[in-house]
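The block underneath contains the structure these notes are about, expressed in C-alpha coordinates.
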Amino acid sequence: MTVHAHPDDESSKGAATMAKYVAEGARVLVATCTGGERGSVLNPKMDRPEVLADITNIRRREMDRAREILGVEQAWLGFVDSGLPEGDPLPPLPEGCFGLQDPQEAAKPLIKLIREFRPHVMTTYDENGGYPHPDHIMCHKVSVVAFDAAGDPELYPELGEPWQPLKLYYNSGWTRARMLALHEGMLAAGLESPYTEWLEKWSDRQDRGDKITTRVECGEYFSVRDDALRAHATQVDPDGFWFHIPLEMQQKVWPTEDFELARSLVDSPVPESDLFAGIREKVEAA
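Using the UniProt record's numbering, you'd call the opening residue of the sequence shown number 1 and step up by one each time.
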(Lines of atoms letter the chains of each structure in order from A; the text may use other names.)
(Lines give C-alpha, C1' and ligand atoms only; values in the text may rest on other atoms or scores of the structure.)
Protein backbone atom coordinates (compact mmCIF):
# COMPACT_ATOMS: atom_id res chain seq x y z
CA MET A 1 0.00 0.00 0.00
CA THR A 2 1.30 3.42 -0.95
CA VAL A 3 -0.15 6.50 0.76
CA HIS A 4 -0.10 9.79 -1.13
CA ALA A 5 -1.39 13.30 -0.55
CA HIS A 6 -2.86 14.11 -3.98
CA PRO A 7 -3.70 12.44 -7.28
CA ASP A 8 -0.49 12.56 -9.39
CA ASP A 9 1.83 12.00 -6.39
CA GLU A 10 1.61 8.24 -6.88
CA SER A 11 2.92 8.61 -10.43
CA SER A 12 5.93 10.75 -9.52
CA LYS A 13 7.00 8.84 -6.40
CA GLY A 14 7.63 5.12 -6.60
CA ALA A 15 5.43 4.44 -9.63
CA ALA A 16 7.92 2.21 -11.45
CA THR A 17 8.35 0.15 -8.27
CA MET A 18 4.59 -0.33 -8.07
CA ALA A 19 4.42 -1.37 -11.71
CA LYS A 20 7.25 -3.85 -11.14
CA TYR A 21 5.53 -5.51 -8.21
CA VAL A 22 2.20 -5.62 -10.04
CA ALA A 23 3.95 -7.36 -12.94
CA GLU A 24 5.36 -9.87 -10.45
CA GLY A 25 1.88 -10.69 -9.16
CA ALA A 26 1.53 -8.46 -6.10
CA ARG A 27 -1.62 -6.52 -5.31
CA VAL A 28 -0.83 -2.82 -4.89
CA LEU A 29 -3.24 -0.26 -3.48
CA VAL A 30 -2.78 3.50 -3.70
CA ALA A 31 -4.46 5.43 -0.88
CA THR A 32 -5.02 9.04 -1.97
CA CYS A 33 -5.66 11.39 0.94
CA THR A 34 -7.22 14.32 -0.94
CA GLY A 35 -8.84 15.00 -4.28
CA GLY A 36 -6.40 17.73 -5.26
CA GLU A 37 -9.28 20.20 -5.32
CA ARG A 38 -7.09 23.24 -4.69
CA GLY A 39 -4.31 22.23 -7.03
CA SER A 40 -3.23 24.62 -9.77
CA VAL A 41 -3.25 23.73 -13.46
CA LEU A 42 0.48 23.27 -14.06
CA ASN A 43 0.33 22.29 -17.73
CA PRO A 44 0.04 25.40 -19.95
CA LYS A 45 -1.84 23.37 -22.55
CA MET A 46 -4.59 22.69 -19.99
CA ASP A 47 -4.69 26.13 -18.38
CA ARG A 48 -8.19 27.07 -19.45
CA PRO A 49 -11.10 28.47 -17.39
CA GLU A 50 -13.33 25.44 -18.00
CA VAL A 51 -10.60 23.11 -16.79
CA LEU A 52 -10.03 25.02 -13.57
CA ALA A 53 -13.79 25.20 -13.01
CA ASP A 54 -14.06 21.40 -13.13
CA ILE A 55 -10.70 20.56 -11.60
CA THR A 56 -12.08 18.12 -9.01
CA ASN A 57 -13.78 15.86 -11.55
CA ILE A 58 -10.95 16.15 -14.04
CA ARG A 59 -8.36 15.11 -11.46
CA ARG A 60 -10.47 12.09 -10.52
CA ARG A 61 -10.58 11.03 -14.16
CA GLU A 62 -6.84 11.55 -14.45
CA MET A 63 -6.34 9.34 -11.41
CA ASP A 64 -8.51 6.63 -12.95
CA ARG A 65 -6.36 6.64 -16.07
CA ALA A 66 -3.09 6.57 -14.12
CA ARG A 67 -4.41 3.68 -12.02
CA GLU A 68 -5.20 1.70 -15.15
CA ILE A 69 -1.73 2.35 -16.59
CA LEU A 70 0.04 1.27 -13.40
CA GLY A 71 -2.22 -1.74 -12.87
CA VAL A 72 -2.89 -0.79 -9.25
CA GLU A 73 -5.98 -0.46 -7.12
CA GLN A 74 -6.86 2.92 -5.66
CA ALA A 75 -8.95 4.36 -2.84
CA TRP A 76 -9.83 7.93 -1.85
CA LEU A 77 -9.57 8.77 1.85
CA GLY A 78 -11.94 11.70 1.37
CA PHE A 79 -10.04 14.71 2.71
CA VAL A 80 -10.02 18.17 1.12
CA ASP A 81 -6.83 19.55 -0.42
CA SER A 82 -5.18 22.29 1.65
CA GLY A 83 -3.61 24.11 -1.28
CA LEU A 84 -0.02 25.35 -1.10
CA PRO A 85 0.04 28.61 0.88
CA GLU A 86 2.21 31.36 -0.56
CA GLY A 87 3.30 34.73 0.77
CA ASP A 88 5.22 36.24 3.66
CA PRO A 89 3.77 35.74 6.15
CA LEU A 90 1.99 32.63 4.94
CA PRO A 91 -1.81 32.85 4.99
CA PRO A 92 -3.76 30.45 7.22
CA LEU A 93 -4.87 27.15 5.75
CA PRO A 94 -8.52 26.87 4.65
CA GLU A 95 -10.93 25.70 7.32
CA GLY A 96 -11.60 21.97 7.21
CA CYS A 97 -8.68 21.11 4.93
CA PHE A 98 -6.49 18.02 5.32
CA GLY A 99 -3.53 19.94 6.69
CA LEU A 100 -5.57 21.07 9.72
CA GLN A 101 -6.88 17.63 10.72
CA ASP A 102 -6.08 15.86 13.98
CA PRO A 103 -3.79 13.00 12.83
CA GLN A 104 -5.38 10.56 15.30
CA GLU A 105 -8.81 11.19 13.81
CA ALA A 106 -7.65 11.56 10.22
CA ALA A 107 -5.90 8.18 10.42
CA LYS A 108 -9.20 6.34 10.85
CA PRO A 109 -10.09 5.85 7.15
CA LEU A 110 -6.53 4.70 6.49
CA ILE A 111 -6.62 2.26 9.42
CA LYS A 112 -9.89 0.85 8.07
CA LEU A 113 -8.33 0.51 4.63
CA ILE A 114 -5.23 -1.23 6.01
CA ARG A 115 -7.40 -3.71 7.90
CA GLU A 116 -9.42 -4.44 4.77
CA PHE A 117 -6.55 -4.62 2.26
CA ARG A 118 -4.01 -6.23 4.67
CA PRO A 119 -0.75 -4.97 3.13
CA HIS A 120 2.62 -6.36 4.17
CA VAL A 121 4.42 -3.14 3.15
CA MET A 122 3.44 0.53 3.32
CA THR A 123 5.15 3.52 1.74
CA THR A 124 4.58 7.19 2.54
CA TYR A 125 6.53 10.45 2.91
CA ASP A 126 9.17 11.40 5.45
CA GLU A 127 8.45 13.74 8.36
CA ASN A 128 9.08 16.76 6.10
CA GLY A 129 6.59 15.48 3.54
CA GLY A 130 9.31 15.08 0.92
CA TYR A 131 8.82 18.84 0.58
CA PRO A 132 6.94 21.03 3.04
CA HIS A 133 3.45 20.98 1.56
CA PRO A 134 0.93 20.83 4.42
CA ASP A 135 -0.87 17.87 2.86
CA HIS A 136 2.37 15.93 2.43
CA ILE A 137 3.33 16.53 6.05
CA MET A 138 -0.12 15.45 7.24
CA CYS A 139 0.09 12.40 4.96
CA HIS A 140 3.24 11.39 6.83
CA LYS A 141 1.62 11.90 10.23
CA VAL A 142 -1.52 9.98 9.32
CA SER A 143 0.46 7.12 7.78
CA VAL A 144 2.62 6.66 10.87
CA VAL A 145 -0.40 6.71 13.19
CA ALA A 146 -2.18 4.17 10.99
CA PHE A 147 0.86 1.88 10.71
CA ASP A 148 1.18 1.77 14.49
CA ALA A 149 -2.54 1.45 15.25
CA ALA A 150 -3.82 -0.93 12.58
CA GLY A 151 -2.48 -4.04 14.30
CA ASP A 152 -3.59 -3.13 17.82
CA PRO A 153 -6.87 -4.87 18.74
CA GLU A 154 -7.51 -2.34 21.50
CA LEU A 155 -7.42 0.64 19.16
CA TYR A 156 -10.32 1.56 16.87
CA PRO A 157 -12.08 -1.85 17.17
CA GLU A 158 -14.96 -0.47 15.12
CA LEU A 159 -12.66 -0.21 12.07
CA GLY A 160 -12.27 -3.95 11.45
CA GLU A 161 -10.08 -6.88 12.39
CA PRO A 162 -6.53 -5.84 13.32
CA TRP A 163 -3.79 -6.16 10.72
CA GLN A 164 -0.17 -5.18 11.23
CA PRO A 165 1.89 -4.21 8.17
CA LEU A 166 5.45 -5.43 8.58
CA LYS A 167 7.46 -2.61 7.00
CA LEU A 168 7.06 1.12 6.53
CA TYR A 169 9.13 3.03 3.98
CA TYR A 170 9.53 6.68 3.10
CA ASN A 171 9.80 7.55 -0.59
CA SER A 172 13.17 9.04 -1.44
CA GLY A 173 12.97 12.14 -3.58
CA TRP A 174 15.62 13.92 -5.58
CA THR A 175 18.90 13.28 -3.81
CA ARG A 176 21.96 15.21 -4.88
CA ALA A 177 23.70 11.99 -5.91
CA ARG A 178 20.87 11.04 -8.26
CA MET A 179 20.61 14.49 -9.79
CA LEU A 180 24.37 14.76 -10.20
CA ALA A 181 24.58 11.35 -11.88
CA LEU A 182 21.91 12.28 -14.41
CA HIS A 183 23.44 15.72 -14.91
CA GLU A 184 26.88 14.28 -15.64
CA GLY A 185 25.36 11.61 -17.88
CA MET A 186 23.68 14.26 -20.00
CA LEU A 187 26.84 16.33 -20.28
CA ALA A 188 28.92 13.27 -21.20
CA ALA A 189 26.46 12.56 -24.00
CA GLY A 190 26.82 16.12 -25.29
CA LEU A 191 23.33 17.08 -24.17
CA GLU A 192 22.13 20.03 -22.15
CA SER A 193 21.30 19.15 -18.55
CA PRO A 194 18.11 20.55 -16.99
CA TYR A 195 19.70 20.29 -13.55
CA THR A 196 22.53 22.82 -13.85
CA GLU A 197 20.74 25.57 -11.94
CA TRP A 198 19.36 23.17 -9.33
CA LEU A 199 22.82 21.82 -8.58
CA GLU A 200 24.28 25.31 -8.30
CA LYS A 201 21.69 26.08 -5.60
CA TRP A 202 21.81 22.68 -3.91
CA SER A 203 23.25 24.05 -0.66
CA ASP A 204 19.78 25.47 0.05
CA ARG A 205 18.12 22.06 -0.30
CA GLN A 206 17.76 19.22 2.16
CA ASP A 207 19.49 16.01 1.08
CA ARG A 208 18.48 12.67 2.59
CA GLY A 209 20.66 10.56 0.34
CA ASP A 210 22.50 9.15 3.34
CA LYS A 211 19.21 7.76 4.70
CA ILE A 212 18.44 5.53 1.71
CA THR A 213 18.32 1.88 2.70
CA THR A 214 16.61 0.27 -0.27
CA ARG A 215 17.13 0.58 -4.02
CA VAL A 216 14.62 -1.25 -6.21
CA GLU A 217 15.76 -2.05 -9.76
CA CYS A 218 12.82 -0.99 -11.89
CA GLY A 219 14.27 0.79 -14.94
CA GLU A 220 12.26 -1.34 -17.35
CA TYR A 221 9.10 0.19 -15.86
CA PHE A 222 10.17 3.82 -16.20
CA SER A 223 8.09 4.12 -19.37
CA VAL A 224 5.01 2.93 -17.45
CA ARG A 225 5.78 5.51 -14.75
CA ASP A 226 6.04 8.26 -17.35
CA ASP A 227 2.79 7.25 -19.05
CA ALA A 228 1.02 7.34 -15.68
CA LEU A 229 2.50 10.74 -14.94
CA ARG A 230 1.38 12.10 -18.31
CA ALA A 231 -2.14 10.87 -17.50
CA HIS A 232 -2.28 13.65 -14.91
CA ALA A 233 -2.49 16.16 -17.73
CA THR A 234 -3.50 19.13 -15.57
CA GLN A 235 -0.41 18.66 -13.41
CA VAL A 236 2.34 17.67 -15.84
CA ASP A 237 3.45 19.25 -19.10
CA PRO A 238 4.41 16.37 -21.43
CA ASP A 239 7.04 18.65 -22.94
CA GLY A 240 8.24 19.89 -19.59
CA PHE A 241 10.96 19.37 -17.04
CA TRP A 242 10.01 15.85 -15.94
CA PHE A 243 10.75 14.41 -19.36
CA HIS A 244 13.98 16.18 -20.35
CA ILE A 245 16.24 13.22 -19.52
CA PRO A 246 16.01 10.48 -22.20
CA LEU A 247 14.57 7.26 -20.83
CA GLU A 248 17.60 5.26 -21.93
CA MET A 249 19.85 7.65 -20.01
CA GLN A 250 17.82 7.22 -16.83
CA GLN A 251 17.83 3.43 -17.18
CA LYS A 252 21.60 3.41 -17.63
CA VAL A 253 22.63 6.01 -15.05
CA TRP A 254 20.10 5.50 -12.25
CA PRO A 255 17.86 2.45 -12.84
CA THR A 256 16.41 2.30 -9.32
CA GLU A 257 13.75 3.95 -7.21
CA ASP A 258 14.99 4.53 -3.70
CA PHE A 259 13.41 4.31 -0.26
CA GLU A 260 14.16 4.83 3.42
CA LEU A 261 13.18 1.94 5.70
CA ALA A 262 11.49 3.69 8.65
CA ARG A 263 9.99 0.72 10.53
CA SER A 264 10.50 -3.03 10.20
CA LEU A 265 9.02 -5.90 12.19
CA VAL A 266 11.01 -8.51 10.26
CA ASP A 267 14.69 -9.31 9.92
CA SER A 268 15.73 -7.30 6.88
CA PRO A 269 19.39 -6.22 6.97
CA VAL A 270 20.16 -3.12 4.95
CA PRO A 271 21.02 -2.21 2.28
CA GLU A 272 18.10 -3.88 0.51
CA SER A 273 17.02 -4.30 -3.09
CA ASP A 274 13.44 -5.42 -2.37
CA LEU A 275 10.67 -3.81 -0.32
CA PHE A 276 9.58 -7.34 0.61
CA ALA A 277 13.03 -8.36 1.93
CA GLY A 278 12.52 -10.34 5.10
CA ILE A 279 8.79 -10.63 4.43
CA ARG A 280 9.06 -13.21 1.67
CA GLU A 281 11.03 -15.47 4.01
CA LYS A 282 8.59 -14.93 6.87
CA VAL A 283 5.54 -15.66 4.71
CA GLU A 284 7.12 -18.77 3.16
CA ALA A 285 8.06 -20.08 6.59
CA ALA A 286 4.58 -19.53 8.02
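Cβ atoms here follow ideal geometry from the backbone N, Cα and C, with glycine treated the same way.
Item, Value
"Closest Cα partner of ALA228 within the set MET138, PHE276, ALA66", "ALA66"
"Cβ contact check for the segment 133-153 and the segment 106-119: 3 or more pairs under 8 Å", "yes"
"CB of GLU73 within 8 Å of CB of VAL121, strictly", "no"
"Assigned exposure category for PHE276 - 16 Cβ within 10 Å defines buried", "buried"
"Segment limits, alpha helix (DSSP H) that includes TYR21", "15-23"
"Proximity of ALA146 and ALA107 at Cβ, strictly below 8 Å", "yes"
"Through-space distance from ILE245 to LEU265, alpha-carbon basis", "38 Å"
"Beta-carbon spacing of ASP135, GLY99 below 8 Å", "yes"
"Where residue 305 falls, given that 16 or more other Cβ within 10 Å makes a residue buried", "Outside the displayed range of the chain (1 to 286) lies residue 305, so it cannot be described from this structure."
"At least 3 beta-carbon pairs within less than 8 Å: the segment 198-215 vs the segment 8-18", "no"
"Reduced DSSP secondary structure (H/G/I, E/B, other) of VAL72", "coil"
"Any 3 or more C-beta pairs closer than 8 Å across the segment 79-88 and the segment 34-45", "yes"
"Neighbourhood of PHE79 by C-beta, 6 Å cutoff - its chain only, sequence neighbours within 5 removed", "CYS33, THR34, PHE98"
"Identity of the residues DSSP links to TYR170 by a beta bridge", "THR124, GLU260"
"Endpoints, alpha helix (DSSP H) assigned at HIS4", "Premise fails: HIS4 lies in the beta strand (DSSP E), 2-4, not in any alpha helix (DSSP H)."
"Among GLN101, ALA31, ILE69, the one whose alpha carbon lies nearest that of TRP76", "ALA31"
"Reduced DSSP category for VAL41 - H, G, I as helix; E, B as strand; rest coil", "coil"
"Residue(s) in a DSSP beta bridge with VAL216", "GLU257"
"Cα-Cα separation between PRO157 and THR124, rounded to whole angstroms", "24 Å"
"Rounded distance between the beta-carbons of SER268 and GLU217, thought under 8 Å", "The pair is not a contact, with the Cβ atoms about 17 Å apart (cut-off 8 Å)."
"Exposure of ARG280, with buried meaning 16 or more beta-carbon neighbours within 10 Å", "exposed"
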